[in-house]
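Some notes on the structure that comes next.
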Amino acid sequence: MAEPKVYFTKDINPDALQRAFDALGAALKPRCAVKISTGEPGNKHYLQPSLIEGLVKSVDGTIVECNTAYPGKRDTTEAHWKTFEDHGFTDIAPCDLMDEAGEMTLAVKDGFHLDFNIVGAHLAEYSSMLMLSHFKGHPMGGFGGALKNMSIGVASSRGKMKIHTSGEADGTFDDLMNGDHDSFIRSMADADQSVMDYMGRENIVYVNIANNLSVDCDCVADPEAPAMADIGIFASTDPVAVDQACIDAVYASDDPGKDAMVERIESRNGLLLLEAAEKHGLGSRKYELVTL
């Protein structure tokens, strides 16, 4: 079987983003959900509306998110809608907080830890999905990219708790922070499987933008400043391959600032997510990199 292609450009601008997406040759069905992170207020590293506006409009997309499971300014519907507005997303496209009207469950087949995933009920309104992810570090997962955006990101607030605790949807914040770590990582792969199977794997494409490479994710209100320079844009129909390509680019970089990213990834056993997702048959860690 041919290795999946990952398309790459070192340019990070609206035209380059569109070129990377176009290289996929994807014909996404109408009613396309564009999954991003709206970014915790105080954090400026999230994908900027001016960068993504053209691509979102080209797929006639609706920007989608779900509420967080931790205290902050995105853990309630009212507060999260204000973040949508304050961060400029409502100015560029229709937006949808997928769990504001309830939840739905998605089956997990032969999961490592989960039998089902809990996502925003509005997911049922979409026929395709553009997983538009900011690749960066993460304080718990080691790194965040397509696989994290599709698992934690599509999960409702209760679903996020279920993933973090490897099965307990109604735990406390302490439970969320102190669950078994490797089980949490593998539970993300379980959640990824459920979303891919529900949407249809042919109906999701993945674009990672590796810029503002802080060791902290967009969910951190006061993140560490990026220690390494931006890398570029990666696009694939394979979520494992696109995340692996970003990881490989970090490790292969001659930027001395990469050490902070590598330490964050390895200290959180972040590569376990790629291993678990590949074991679930969600994609391949081997890929062909095509430079645009």
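So the sequence shown is numbered by my numbering: it starts at 53 and just counts up by one.
Cβ atoms here follow ideal geometry from the backbone N, Cα and C, with glycine treated the same way.
First and last residue of the uninterrupted alpha helix (DSSP H) at residue i
i, result
"MET229", "225-230"
"ALA293", "291-304"
"GLU330", "323-331"
Residue span of the beta strand (DSSP E) that contains residue i, given as start and end
i, result
"ALA287", "284-288"
"LEU149", "147-149"
"ALA159", "155-159"
Simplified DSSP state of residue i, which is helix, strand or coil
i, result
"GLU276", "coil"
"ALA174", "Correcting the residue type first, residue 174 is His in the shown sequence and not Ala. Three-state DSSP puts HIS174 in a helix."
"ALA312", "helix"
"THR180", "The sequence given here places Ser at residue 180; Thr does not occur at that position. SER180: strand per DSSP, three-state reduction."
"GLU340", "strand"
"GLU318", "helix"
"PHE164", "coil"
Classification of residue i by the beta-carbon crowding that lies within 10 angstroms, buried from 16 upward
i, result
"PRO278", "buried"
"GLU318", "exposed"
"LYS338", "exposed"
"ASN230", "exposed"
"THR217", "buried"
"GLU155", "buried"
"SER288", "buried"
Neighbour flag for residue i against chain C, beta carbons, 7 Å
i, result
"ILE204", "As a matter of chain content, chain C is missing from the structure shown, which is built from one protein chain."
Which residue spans inside the region 56-143 form an unbroken alpha helix (DSSP H) run of at least 4?
66-75, 101-110, 129-138
Quick one: complete alpha helix (DSSP H) runs, 4+ long, within the region 187-272?
Whole alpha helix (DSSP H) segments, 4+ residues: 198-203, 209-216, 225-230, 233-251.
So, does the region 236-248 touch the region 166-174, judging by three or more C-beta pairs under 8 Å?
yes
Would you call the region 176-192 in contact with the region 311-318, where contact means no fewer than 3 C-beta pairs closer than 8 Å?
yes
So, do the region 159-166 and the region 112-130 have three or more beta carbon pairs nearer to each other than 8 Å?
The answer is no - the region 112-130 does not touch the region 159-166, with fewer than three Cβ pairs under 8 Å.
Per the contact definition of three or more C-beta pairs closer than 8 Å, is the region 57-67 in contact with the region 280-290?
Yes, since at least three Cβ pairs between the region 280-290 and the region 57-67 fall closer than 8 Å, the two stretches touch.
Under 8 Å, with one C-beta from each stretch per pair, do the region 329-336 and the region 216-229 reach the 3-pair mark?
no
Can at least three beta-carbon pairs, one atom from the region 267-277 and one from the region 85-95, be found at a separation below 8 Å?
yes
Specify whether the region 295-306 and the region 254-270 touch according to this definition: at least 3 beta carbon pairs, one from each stretch, less than 8 Å apart.
Three or more beta-carbon pairs drawn from the region 295-306 and the region 254-270 are found closer than 8 Å, and the two stretches are therefore classed as touching.
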